[in-house]
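Under our numbering, the first residue of the sequence shown carries the number 4, and numbering increases by one thereafter.
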Amino acid sequence: MLLPASIPKRLTFLPATLVLFPLSVVSVNAQSKLTNQSKVFINGMGPVRVGMTVAEASRAAGTRLVALGDRGDGSCFYVKPQGQPNDFGFMVINGRISRVDIIKGGVTTLKGAKIGDTEARIKSLYPGQIKVTPHKYTNGHYLTFVPKDRSDRNYRVVFETDGDREACCGATYRVTQFRSGKLPEVEWVEGCS
Numbered sequence: 004m005l006l007p008a009s010i011p012k013r014l015t016f017l018p019a020t021l022v023l024f025p026l027s028v029v030s031v032n033a034q035s036k037l038t039n040q041s042k043v044f045i046n047g048m049g050p051v052r053v054g055m056t057v058a059e060a061s062r063a064a065g066t067r068l069v070a071l072g073d074r075g076d077g078s079c080f081y082v083k084p085q086g087q088p089n090d091f092g093f094m095v096i097n098g099r100i101s102r103v104d105i106i107k108g109g110v111t112t113l114k115g116a117k118i119g120d121t122e123a124r125i126k127s128l129y130p131g132q133i134k135v136t137p138h139k140y141t142n143g144h145y146l147t148f149v150p151k152d153r154s155d156r157n158y159r160v161v162f163e164t165d166g167d168r169e170a171c172c173g174a175t176y177r178v179t180q181f182r183s184g185k186l187p188e189v190e191w192v193e194g195c196s
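This is how it looks when you write it as structure tokens:
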């Protein structure tokens, strides 16, 4: 390409950069489909966020979200990806996603916390941000991640643990399930019940 002498040569790279940028954005978006490898955030999982309608969440997830069990009066129920195992579900309150519950499988948080982790590991992943309270039904605990960022003050991640006595080591408390979402729903122990 011939350029007039008055145009610096470094400008010739600008069009190539602009052409490549949209291609990289497309590839990132193509990878955002909801899967069992999607990460849990304080306000959702993968591309699904708290506050979305079920239709918006289905579009973002790249799959239809269907009701899990009885919808009761419809004001509170759970949805999950159609045809997928029941490893996780999204609580829906008045038509909008309010939290995600991880009940089995290998789904992790952004920091890598998962079912089976010890309380010590959870505390080490979130130093100084875990509030420990007694579990309502077991000898375990609720480990609640309390964010420091003011913009996240209405969200939490709650890890439930259950104690398992080991002869050599005293009590080892391990995560049995966890959830993330907005207050107050994320702290409802019985979910929609």
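Here a beta-carbon is modelled for each residue, glycine too, at the ideal position from N, C-alpha and C.
Could you check what DSSP says for residue i in three-state terms: helix, strand or coil?
i, result
"Asp155", "helix"
"Arg52", "strand"
"Ala116", "coil"
"Leu146", "strand"
"Val192", "coil"
"Lys83", "strand"
"Val28", "Because Val28 sits at a pLDDT of 32, beneath the cut-off of 50, its placement in the model cannot be relied upon, and the following sentence gives the value as read from the coordinates. DSSP places Val28 in helix when its eight states are reduced to three."
"Lys126", "helix"
"Ser183", "strand"
"Asp165", "strand"
"Thr121", "strand"
Taking 8 Å as the cut-off, decide whether the C-beta atoms of residue i and residue j are in contact.
i, j, result
"Arg102", "Arg156", "no"
"Asp90", "Asn46", "no"
"Thr121", "Thr175", "yes"
"Val53", "Val69", "no"
"Tyr158", "Lys139", "no"
State the CB to CB distance for the pair residue i and residue j, rounded to an integer number of angstroms; the pair is presumed to be in contact (CB under 8 Å).
i, j, result
"Thr141", "Asp104", "The Cβ separation is near 17 Å, so there is no contact."
"Val189", "Ile125", "Not really, about 16 Å apart at Cβ, beyond 8 Å."
"Val51", "Val95", "Between Val95 and Val51 the Cβ distance is about 11 Å, and since that is not below 8 Å, they are no contact."
Give the range of the beta strand (DSSP E) segment to which residue i is assigned.
i, result
"Arg99", "Arg99 to Ile105"
"Leu68", "Leu68 to Leu71"
"Gly92", "Phe91 to Ile96"
"Pro137", "Ile133 to Pro137"
How is the alpha helix (DSSP H) around residue i delimited, first residue to last?
i, result
"Val57", "Val57 to Ala64"
"Ile45", "Note, Ile45: premise wrong, no alpha helix (DSSP H); not H, not E."
"Leu37", "Where Leu37 is concerned, there is no enclosing alpha helix (DSSP H), given that its DSSP letter is neither H nor E."
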